Amino acid sequence: MTSSTSLQPKITIVGYGSQGRAHALNLRDSGFDVTVGLRPGGPTEAKAQADGFVVKAPAEAVKDADLVAVLTPDMVQQKLYEDVLHANLKQGAVLLFAHGLNVHFDMIKPREDLDVILVAPKGPGALVRREYEIGRGVPCIYAVYQDKSGQAEQFALTYAGGLGGARANIIKTTFKEETETDLFGEQAVLCGGASSLVQAGFETLVEAGYQPEIAYYEVLHELKLIVDLFYEGGVTRMLEFISETAQYGDFVSGPRVIDASVKARMKDVLTDIQNGTFVRNWKAEYDAGLPNYKKFQQADKDHAIEKVGAELRAKMVWLQANTQNDAAKA
Ligand code: NAD
Ligand code: MG
Numbered sequence: 004m005t006s007s008t009s010l011q012p013k014i015t016i017v018g019y020g021s022q023g024r025a026h027a028l029n030l031r032d033s034g035f036d037v038t039v040g041l042r043p044g045g046p047t048e049a050k051a052q053a054d055g056f057v058v059k060a061p062a063e064a065v066k067d068a069d070l071v072a073v074l075t076p077d078m079v080q081q082k083l084y085e086d087v088l089h090a091n092l093k094q095g096a097v098l099l100f101a102h103g104l105n106v107h108f109d110m111i112k113p114r115e116d117l118d119v120i121l122v123a124p125k126g127p128g129a130l131v132r133r134e135y136e137i138g139r140g141v142p143c144i145y146a147v148y149q150d151k152s153g154q155a156e157q158f159a160l161t162y163a164g165g166l167g168g169a170r171a172n173i174i175k176t177t178f179k180e181e182t183e184t185d186l187f188g189e190q191a192v193l194c195g196g197a198s199s200l201v202q203a204g205f206e207t208l209v210e211a212g213y214q215p216e217i218a219y220y221e222v223l224h225e226l227k228l229i230v231d232l233f234y235e236g237g238v239t240r241m242l243e244f245i246s247e248t249a250q251y252g253d254f255v256s257g258p259r260v261i262d263a264s265v266k267a268r269m270k271d272v273l274t275d276i277q278n279g280t281f282v283r284n285w286k287a288e289y290d291a292g293l294p295n296y297k298k299f300q301q302a303d304k305d306h307a308i309e310k311v312g313a314e315l316r317a318k319m320v321w322l323q324a325n326t327q328n329d330a331a332k333a
């Protein structure tokens, strides 16, 4: 295993959704031989064919692949492994995941002859593709769970490089660290935390009698401008761009809203992730046909901020061009 080894694995990508499409296109543009594995007649088959890929049923597609990337939804991966991959992966192949959940929580127990690795871009698929196309990349983290060939780490670095991740940064992690931090981030801060913060702020203003349109611009629209500053230069850069009044308000009111009790509950969320409670509940919900998931999803879609948001975004015509672009790419 030397970093000068040049590997050129024949790659099969199973799944052509958010990550699958971006990985397949980037790796092909980086010079790899890429096949796509999908259920015949499935929802993304036509898209993969339109993008010029050879699409085969998963069992067929993985048979002669040196490296198989499992990019289906997490909750179907165990069954996919047991029904299809276990029996059809080539001896000594590399099995790659973009999220460690199934392996870390023992839902998939990979064959011993395989290399088992993780390459997780720290961004949604549309961005993984868009950044690559403009000559940049999304940072990637990688891990090795099983190294049968002695080259598992090199395979992970080769794949991450092919995605464009090396242009940004590549960091070594473990399946445990990737799985637990990824779940925590999306639950407490990025998706769950941010959307609940925005909804609560909107409700507070509207319930106090302010116009929903003004509340929308205040707590949702402007958030992008703030996050762009975080992204470019951290909290320091945001503070440089906001007024003294905004800074003083930030200092005295931020910790009133996000106080020690919020942090204590973040620790509870992390504990549930670490001890397997979250994944157990999620699997039970999935196996029951997603009854609560669908209810929660509908409640988010029905929230008053979505209605006023749709009306206000319709006036920003450039947004529609962007959205259509991303839909075509996603
Ligand atoms: P997705 O839902 O966007 O796409 C899933 C794809 O798998 C679709 O093409 C679907 O048709 C196909 N599929 C579903 N069931 C299948 C089956 N039984 N056999 C074959 N194909 C099947 O999924 P995604 O969001 O890209 O997630 C894929 C993986 O990437 C997950 O492990 C996820 O945790 C990880 N990940 C996702 C993101 C993200 O931004 N979405 C970021 C990092 C990592
Ligand atoms: Mg995730």
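Each residue of the sequence shown is one higher than the last, beginning at 4 in this note's numbering.
Heads up, the beta-carbon is just placed ideally off N, CA and C, and yes, glycines get one too.
Treat the numbers as computed from the prediction; the structure is a model and nothing was measured.
For Lys151, DSSP assigns no beta-bridge partner whatsoever. Ligand 1 never approaches Ala191 closely enough for any of its heavy atoms to be under 7 Å from the residue's Cβ. Counted as a single uninterrupted DSSP element, the alpha helix (DSSP H) harbouring Asp290 occupies residues Thr280 to Asp290. In the structure shown, Ala313 adopts helical secondary structure according to DSSP, grouped into three states. Pairing Glu288 with Asn295 gives a Cβ-Cβ distance under 8 Å.
Bounds of the alpha helix (DSSP H) holding Lys270 are Ala263 to Gln277.
If you check the C-beta of His26 against ligand 2, you find no heavy atom less than 7 Å away. When only Cα atoms are considered, Tyr148 and Phe158 end up about 12 Å apart. In the three-state scheme derived from DSSP, where H, G and I count as helix and E and B as strand, Ile245 is classed as coil. Gly128 and Arg24 do touch by the CB rule: their CB atoms are close to 6 Å apart, below 8 Å. Residue nearest to Ala191 within the set Glu156, Gln81, Gly40 and Asp275 is Asp275 (criterion: CA-CA distance).
About 7 Å separates the CB atoms of Val39 and Ala64; that is less than 8 Å, so the two are in contact.
Taking 7 Å as the cut-off, the C-beta of Asp77 counts as close to a heavy atom of ligand 1.
Between Val222 and Phe244 the beta-carbon gap is near 18 Å, outside 8 Å, which marks them as no contact. Here Ala49 is actually not in contact with Leu74; their C-beta atoms are around 17 Å apart, not less than 8 Å. Residue state for Gly44 is assigned as coil, using DSSP reduced to three classes. If you check the C-beta of His102 against ligand 2, you find a heavy atom less than 7 Å away. In this chain, the beta strand (DSSP E) harbouring Leu121 covers Asp118 to Pro124.
Look at Phe299 here: in three-state DSSP terms it is helix. Excluding five sequence positions before and after Asp150, the CB atoms of its chain that fall closer than 8 Å to its own CB belong to Asp118 and Glu156, given in chain order.
Taking 7 Å as the cut-off, one finds at least one heavy atom of ligand 1 near enough to the beta carbon of Ser21. Taking a C-beta distance under 8 Å as the contact criterion, Ala123 and Ile144 qualify as a contact pair.
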